[in-house]
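J.: Below is one structure. I have some questions about it.
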Amino acid sequence: MSKLEELIQQLCPDGVECRNLEECCNILDKKRKPVTKAAREAGEYRYYGANGIQDYVSDYIFDGTFVLVGEDGSVITKAGTPVVTWAEGKIWVNNHAHIIEEKTGVLLRYLFHYIQTIDVTSLIHGNIPKLTGGDFKTLKISIPPLEIQREIVRILDHFTELTTELTAELTVELTARQKQYEYYRDRLLIQGDKVVWMTLGDIGKVSMCKRIMKAETSSQGEVPFFKIGTFGKEPDAYITREKFEEYCEKYSFPKKGDVLISAAGTIGRTVIYDGKPAYYQDSNIVWLDNDESKVLNKYLYYYYQLQPWAVSTGGTIARLYNDNISKAKIAVPPLDEQHRIVSILDRFDALCNDLTSGLPAEIAARQKQYEYYRDKLLTFNKERLF
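Position 129 of the sequence shown, counted from 1, bears residue number 147 in the working numbering, the numbering being contiguous throughout.
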């Protein structure tokens, strides 16, 4: 039998008391003060809203340890539970978050964990979701003896600490691997006895797709059309397959493996074209039409990460023109050496990507573990509530 089970058998074998939230804590909503963004003076103090920190301001209205619960706006999770934030120190809270502090007999940290288990779906109404003050203060809270509260908090805080430690460790590991990758990438791509310096214009021709007019696109369709804002992301526009096939036949279009480059917005982002039907915004997304007789496309992909081009800033928006790309210089080793370099960098890239994708997955797994034990620990049989 666990320590918690022993405490329950010893201290509350017949059940635990159920109270309204307002009986378990001090609700400080009347002391909140909203401040418009224009009226805020920048400073060191956290300014909280419905779902956490919104800004930093020059003054505070609360000083202590508090739990904040979203009142309106982003106030409910996918699980139907409230958005809950732990806040310590000198803070400012606007009128979009309920604020509570500890009252004798109930640990604030216990309430922090417990409120996250309450399904408030039936209480949230309106076009702008809102958990009213009346509904908030009457939320039902199961209150075991203090010793049991402390043990529950100890267990659940241990899970959150493990998640925090894991996140920190994986982030450090990812940063180290990324630096290692960049070090070897830079050395491999610019050094070597047989390197020949060339311009990208010597290697191939800068190409782009035919211009697509807005009237030719739709929000749904067969072939995704990527603009500079959706390049490398999810598309929000489409063209017909008929238009796609016509333009691919008549005008320049990337081959599978060609490296697409963003020439506007965040300049120099790259995507390797995978050969699937897709169309790209002219002039903003370009590629080097290269037959790989001199330079492998994958070698170009890694070399582009060094940002070898000069960006024109004559206008109000920085831009990468075709001439900037054509004149960019590149260190070109023999093809067999390019294959070797690409093989090494592919392995580093795969390692970094594994860590990058594994980090949120591992954190999500720990969060699910925490939620499982939280719900188990804080769910008391209805027959044992009074």
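All residues carry an ideal CB built from backbone N, CA and C; glycine is no exception.
For D292, which three-state DSSP category applies?
T.: Of the three classes helix, strand and coil, the one that applies to D292 here is coil, per DSSP.
J.: Would you list the residues sitting across from V87 in a DSSP beta bridge?
T.: V102, H116, per the DSSP bridge assignment.
J.: Where in the region 229-306 do unbroken runs of the alpha helix (DSSP H), each at least 4 residues long, occur, reported from the N-terminal end onward?
T.: Listed in chain order, the complete alpha helix (DSSP H) runs (minimum 4 residues) inside the region 229-306 are 259-268.
J.: Using a Cβ-Cβ cut-off of 8 Å (strictly less than) and excluding sequence neighbours within five positions of L314, which residues of its own chain qualify?
T.: Once the five neighbours on either side are set aside, the close Cβ partners of L314 are L353, Q356, H357, V360.
J.: Is K347 helix, strand or coil when you go by DSSP?
T.: It is a strand residue.
J.: Assess, as a yes-or-no matter, whether the region 375-384 is touched by the region 162-170 under the definition of 3 or more beta carbon pairs within less than 8 Å.
T.: No: the two stretches stay apart, fewer than three of their Cβ pairs being nearer than 8 Å.
J.: Check for me: the beta strand (DSSP E) holding T182 runs from which residue to which?
T.: Here T182 belongs to no beta strand (DSSP E); instead the alpha helix (DSSP H) covers 164-208.
J.: When the distance is taken between beta carbons, is I246 closer than 7 Å to A282?
T.: Cβ atoms of A282 and I246: closer than 7 Å.
J.: Where does the unbroken alpha helix (DSSP H) through G123 begin, and where does it stop?
T.: Where G123 is concerned, there is no enclosing alpha helix (DSSP H), given that its DSSP letter is neither H nor E.
J.: How is V360 classed by DSSP in three states: helix, strand or coil?
T.: Helix, per DSSP.
J.: With DSSP as the reference, label N308 as helix, strand or coil.
T.: If DSSP states are grouped into helix, strand and coil, N308 belongs with coil.
J.: Sort out for me which residues DSSP pairs V75 with in a bridge.
T.: DSSP lists A60 as partners of V75.
J.: Between the Cα of D254 and those of Y66, L184, S236, S76, spot the shortest distance and give me the residue it belongs to.
T.: Looking at the Cα atoms, S236 is the closest of the given residues.
J.: Going by Cα to Cα distance, which pick from Q167, W215, L188, N112 is closest to V350?
T.: Among Q167, W215, L188, N112, the Cα nearest to that of V350 is on W215.
J.: Nearest CA to the CA of T248: which residue from V289, V224, A233?
T.: Closest by alpha carbon: V289.
J.: Can you tell me the Cα-Cα spacing of K274 and Y298, whole angstroms?
T.: Each residue's alpha carbon lies about 14 Å from the other.
J.: Taking the C-alpha atoms as reference points, what is the distance between K158 and A379?
T.: Near 33 Å, if we compare the C-alpha coordinates of A379 and K158.
J.: State the DSSP-derived secondary structure class of I109, mapped to helix, strand or coil.
T.: In this structure, I109 counts as strand in the three-state DSSP scheme.
J.: When burial is assigned at 16 or more other CB atoms within 10 Å of the CB, is A114 buried or exposed?
T.: Reading the sequence as shown, one finds His at residue 114 and not Ala. Counting Cβ neighbours within 10 Å, H114 comes out buried, since at least 16 surround it.
J.: Give me, in chain order, the residues of the same chain whose beta-carbon lies closer than 7 Å to that of V138; leave out the 5 immediate sequence neighbours on both sides.
T.: Within the same chain, V138 has close Cβ partners I94, G98, T99, P100, L149.
J.: In three-state DSSP terms, what is T217?
T.: Strand.
J.: So G250 packs on R287, CB below 8 Å; how close in whole Å?
T.: With 8 Å as the limit, G250 and R287 qualify as a contact, their Cβ atoms being about 6 Å apart.
J.: In angstroms with no decimal places, state the Cα-to-Cα distance between I279 and W305.
T.: The straight-line gap from Cα to Cα measures roughly 6 Å.
J.: Under 7 Å, do V102 and I133 count as touching if we go by C-beta distance?
T.: Yes, they are a contact pair.
J.: Let me know if Y201 comes out buried or exposed under the rule of 16 or more other beta-carbons within 10 Å of its beta-carbon.
T.: Exposed: under 16 other Cβ atoms inside 10 Å.
J.: In chain order, what residues of the same chain have a beta carbon less than 8 Å from the beta carbon of N38, not counting five sequence neighbours either side?
T.: Closer than 8 Å at Cβ, skipping near neighbours: K155, T156, L157, K158, I159.
J.: Are the region 173-189 and the region 389-398 touching by the rule of at least three beta carbon pairs closer than 8 Å?
T.: Touching, per the Cβ criterion.
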